[in-house]
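Residue numbers for the sequence shown follow the working numbering, so the first one is 1 and each next one is one higher. All C-beta atoms in this analysis are idealised placements derived from N, C-alpha and C, irrespective of residue type, glycine included. In this text, all values refer to a predicted model and were calculated from it rather than measured experimentally.
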Amino acid sequence: MSQQVNLGMIGGGTVGSGVYHALSRNRALMESRLGIRLNWVGVAVKEIDEPRPYPIPRSLLTTDWTQVVNDPQVNIVIELVGGTTIAKTMVLAALKLGKPVITANKALLSAHGEELFAAAQKYGANLYYEASVCGGIPIIKALREGFVGNRITHLYGIVNGTCNYILSRMQHEGAEFEDVLREAQRLGYAEADPSLDIDGHDARHKIGILASLAHGFWVRPEDIYVEGIRQVTQADIRFAAQLGYTIKLLGIIKTVPGRGKAGEGGARIQVAVHPTLVPHRHVLASVNDVFNAVFVRGDVVGDTLFYGRGAGKDATASAVLSDIADAALEIKHGTRHRIPPFVPHANGSSVVPMDHTMSRYYLRLSVVDRPGVLARISSILGQANIGIMSVIQPEAHEGQTVPLILMIHDAPNAAMRKALAKIGRLTVVKAPPVMFRVETFD
Ligand code: HSE
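Right under this line is the structure:
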């Protein structure tokens, strides 16, 4: 084993110390698989003595990140600090020196991916990001390499463990959203300000990265339709179950019919994150607790499924080790001629506005139980050419407010949104209508 590759890391907290620990544990295995010696040169941290789950030798630590990036001995820079400001400066500084960079930072890629990959190209260095999406699941590598010969027609992801934990417990224990959220916070799954998870922003970051990689153009976060899970109630979970569905927060990326931007060809891609009714029989309905899963359909391979832990120091470390291997091989062979981490290649493709997409819907209305109510609602839907597939209304006394559940046939999102606004204004409708999309995976 002649070649040595030197590593520098910025960030020595939960994930950083996890990477240090995992590499110490499996260094001999990795080194023999790669034929490369992997050597730590420095680790930049916020504070030398901050608490960390696994120790890092003091002799490696510095509080000056520039020392790590600029050290001529450091061949690969691993950025694990998070955030989108200083992290961007760090990544750009390393790329400018032509050093391959590894990041776990989904928020950074979501906000600045296009610019960072352009910089990587300009300075002849690769930017690796396996750990940024679904922690330990090697989904980036699968899309980049395993499916290089496929068009990715559909990708459905349960990519936020906190939301999946909350929805699973609501389903299996009959608990209400707020109670499970408090429990998730107590267990450390959800942040004290849980908005990043439960309002779908974290899932948006991840789905945007997967959509960009799968479709070869950088998908901007503002083009991704997002709804979180705050609106999902125990009643919805029960009614959905009665109808044969499980509610999951799904990230959805699918090619929809039609052509991309005028004159340029290309594809039209739907990219969205929202609570979704998944048929009980579909494999994603069985993905529970904090686990993540990504279901990918390629035009050659057909349907595939990836499952695993989407977060946590060890799962994330596993992804960083995989990137270290790729970057180290680049250095060993003095070439970047493997399949690159991201190359724009889809001129004219675009994200379709949500209003222009079609879906089936689940609708929950709170209505006064009175003759003619259903007729008025179905008349509004009928005028918009929207068909009702099935109806549930629990027995009640006339004049009481009752839930009315409607399953709606495929309809354009814009038409559904407008019809719902009209329905919401009826005096017999006593609360804002609740609407979730239904996925059939056809
Ligand atoms: N908060 C995320 C989740 C993990 O719950 O899946 C980090 O992306």
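Would you kindly check if the distance between the Cβ of residue j and the Cβ of residue i is under 8 angstroms?
i, j, result
"I139", "V133", "yes"
"T276", "A267", "no"
"P412", "G424", "no"
"R37", "Q3", "yes"
"V402", "V367", "yes"
"H473", "Y225", "Past the boundaries of the shown model lies residue 473; the chain is included only from 1 to 442, so the question cannot be answered."
"R52", "G12", "yes"
"Y362", "F436", "yes"
"K206", "V278", "no"
"V101", "E79", "yes"
"I269", "H333", "no"
"P341", "Y129", "yes"
"G251", "A285", "no"
"A384", "A421", "no"
"K99", "A125", "yes"
"V373", "V428", "yes"
"I253", "L155", "yes"
"G18", "Y54", "yes"
"L127", "F117", "yes"
"P221", "A111", "yes"
"V5", "I86", "no"
"V219", "V271", "yes"
"V450", "D223", "Nothing about residue 450 can be read from this structure; the chain reaches only from 1 to 442."
"G113", "S24", "no"
Could you please give the first and the last residue of the uninterrupted alpha helix (DSSP H) stretch that includes residue i?
i, result
"M170", "161-173"
"H205", "201-215"
"I331", "313-333"
"I20", "The identity of residue 20 in the sequence shown is Tyr, whereas the question assumes Ile. 14-34 is the extent of the alpha helix (DSSP H) around Y20."
"L80", "Per DSSP, L80 belongs to no alpha helix (DSSP H) and is neither H nor E."
"A414", "413-425"
"Q242", "234-242"
"R186", "177-186"
"V287", "First-last for V287: undefined, no H or E at that position."
"S195", "195-198"
"A94", "86-96"
Taking the DSSP output, what are the residues bridged to residue i?
i, result
"N39", "N6"
"K254", "H154, Q270"
"G382", "Paired residues: none, contrary to the question."
"D303", "R297"
"S390", "M407"
"Y128", "I102"
"A44", "I10, T62"
"K248", "T276"
"R309", "F291"
"V133", "Per DSSP, none; premise fails for V133."
"V148", "Looking at the DSSP assignment, V148 forms no beta bridge with any residue, so it has no partner."
"V226", "V273"
Residues in the same chain with beta-carbon distance under 6 angstroms from residue i, minus the five sequence neighbours each way, listed in chain order, please.
i, result
"F306", "I137, I139, V294"
"A175", "R169"
"T304", "V296"
"G310", "C134, G135, G161, N292"
"L61", "V43, V45, I48"
"I405", "F239, R364, I392"
"N288", "S168"
Excluding the 5 residues flanking residue i on each side, which residues of the same chain have their C-beta closer than 8 angstroms to its C-beta?
i, result
"E47", "T63"
"I198", "T162, C163, I166, L181, A190, G228, I229, R230"
"V15", "L80, A104, A131, K313, T316, A317, V320"
"N150", "G298, D299, V300, V301"
"Q234", "M170, G174, A175, E176, F177"
State the start and end residues of the unbroken beta strand (DSSP E) segment that holds residue i.
i, result
"S59", "Where S59 is concerned, there is no enclosing beta strand (DSSP E), given that its DSSP letter is neither H nor E."
"R220", "R220 -> no beta strand (DSSP E), and no H or E assigned at all."
"Y361", "358-368"
"V68", "Run containing V68: none in the beta strand (DSSP E); it sits in the alpha helix (DSSP H), 65-70."
"M435", "434-438"
Skipping 5 residues on each side, what residues in its chain have a beta carbon closer than 7 angstroms to that of residue i?
i, result
"C389", "Contrary to the premise, residue 389 reads as Met rather than Cys in this sequence. Result list for M389: M407, I408, H409, in chain order."
"G244", "P279, H280"
"W65", "I10, A44, M90"
"L426", "R376"
"I237", "M170, Q171, I247"
Counting only beta-carbon atoms, is residue i nearer than 8 angstroms to chain D?
i, result
"V74", "Of the protein chains in this structure there is only one, and it is not chain D."
Just jot down, in chain order, the residues whose CB lies closer than 6 angstroms to any heavy atom of ligand 1. N160, G161, T162, D197, D202, G310, A311
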